[in-house]
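**Q** Each residue of the sequence shown is one higher than the last, beginning at 1 in the working numbering.
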Amino acid sequence: MTSFEQPWRPSLNWDTPAGRVLDRLVAALPDQRPWEIIVFGSSPLQLGIDSGFLSADVDVISDEDVSVYCSRAGLLKGQAEIYVEPCTSMAFTASPDWFVRAFRCQRQHVGLTFPHPIDLLVSKVQRLEEKDLRAFRLVRERSGHPTENDLIRALRRVVDIYRPAFDEESARNPARNTQILWRELFGRDIDVRTEIISPALAARRLDYGPQGTSLKSKLSGIRPSV
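1) With the cut-off set at 7 Å, would you say Pro-86 and Val-58 are in Cβ contact?
2) Would you mind sorting Ser-62 into buried or exposed? The rule is 16 or more other CB atoms within 10 Å of its CB.
3) Going by DSSP, what residue range makes up the beta strand (DSSP E) through Ser-51?
4) Spatial neighbours of Ser-11 within its chain, please: C-beta separation below 8 Å, excluding the five flanking residues on both sides.
5) For the candidate residues Val-110, Val-100, Pro-117, Pro-96, whose alpha-carbon lies nearest to that of Gln-32?
6) Between the beta-carbon of Ile-37 and the beta-carbon of Val-60, is there less than 7 Å?
7) Taking the straight line between their C-alpha atoms, what separation do you get for Leu-138 and Asp-50?
8) Please tell me whether Val-21 and Phe-114 are closer than 7 Å, where the distance is taken between their beta carbons.
9) Report back the beta-carbon spacing between Val-158 and Thr-93 to the nearest angstrom; my notes put them in contact at under 8 Å.
10) Along the beta strand (DSSP E) that carries Ile-161, what are the first and last residues, could you check?
11) Assign Lys-77 to one of two classes, buried (16 or more other C-beta atoms within 10 Å of its C-beta) or exposed (fewer than that).
12) Look up Gln-106 in the DSSP assignment and give the residues it is bridged to.
13) Assuming Val-100 and Pro-7 make a contact with CB atoms under 8 Å, what is their CB distance in whole Å?
14) What span of residues does the alpha helix (DSSP H) with Val-68 cover, start to end?
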C-alpha cells in the first residue's frame, strides 16, 4: 500500500459551503437516535483539500432516508443554493475495501464518513464530466497523487465498471473516459484492456483458485471438528 492509499486523515474545514450545509443537515436530524451518513462526490475534497473547490450539491448516503428532514430544513434542490442530494448506495461506485481508507468523524449525534480521495476520484470515471476532471487536477496539484500506478491499482479494484452497460446506461463509456483521463493527466494513451482489465481479472482468478474453485466452495468441504 502506498502512502497515498493509507487511511485518509484530513483536517476538515467546516467553514465552507459544504461544511455549513452538513451542519444544517446534522441540526435537522432528530437527536433521539444516532445517524450514519456517507458524504461523497466533491464535498469531501472541498472540506479536506481545497475550500475553493465548489459544488452545487452535497451528495450523501444515509442509513435511513433523510429527504423529509432535508425538506423541512429547506436543504433540497430548489430550496437552497447549495443543497443536499440524498442518494442510494448504488450512486457511489467504489471497491469493496473503500471503507478501510475512509475518514470518519462525529458531528453531534451524526457519524460522518468521508471516502478517501482515490475512491472519490475513481467513482467519477464512469461519468467524467469537466468538473470531474477538475477534481482530478485539484488532488494532483495538492498532493502529487494519484500517480499512474495509484490510478491503475484503484481502477483494477473496480474493474467491473468496464463491463458492457445496460441499455439505459449506454451513454456511459468508462473505457473511453479512462483514455481521456490518461491523456489529460499523464500525456499518454493507455490500453485499458491490457493495463487494467486483464491484470484485474487474472488477480481475481488467482483469488478464486484453479478451475474457478472459490474460497467459499473450499470452506464448504471442511467438516467442523467435534
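Cβ coordinates follow ideal geometry from the N, Cα and C atoms, glycine included.
**A** Concretely, from the data shown:
1) no
2) So Ser-62 counts as buried.
3) Where Ser-51 is concerned, there is no enclosing beta strand (DSSP E), given that its DSSP letter is neither H nor E.
4) Gly-48
5) Ranking the options by Cα distance to Gln-32, first place goes to Val-110.
6) yes
7) 8 Å
8) Not closer than 7 Å, so no.
9) 6 Å
10) Ile-161 -> no beta strand (DSSP E), and no H or E assigned at all.
11) By the neighbour-count rule (16 or more Cβ atoms within 10 Å), Lys-77 is not buried but exposed.
12) Gly-111
13) Their Cβ separation, rounded to whole angstroms, is 7 Å, which keeps Val-100 and Pro-7 in contact under 8 Å.
14) Looking at the DSSP string, the run of the alpha helix (DSSP H) that includes Val-68 is 67-72.
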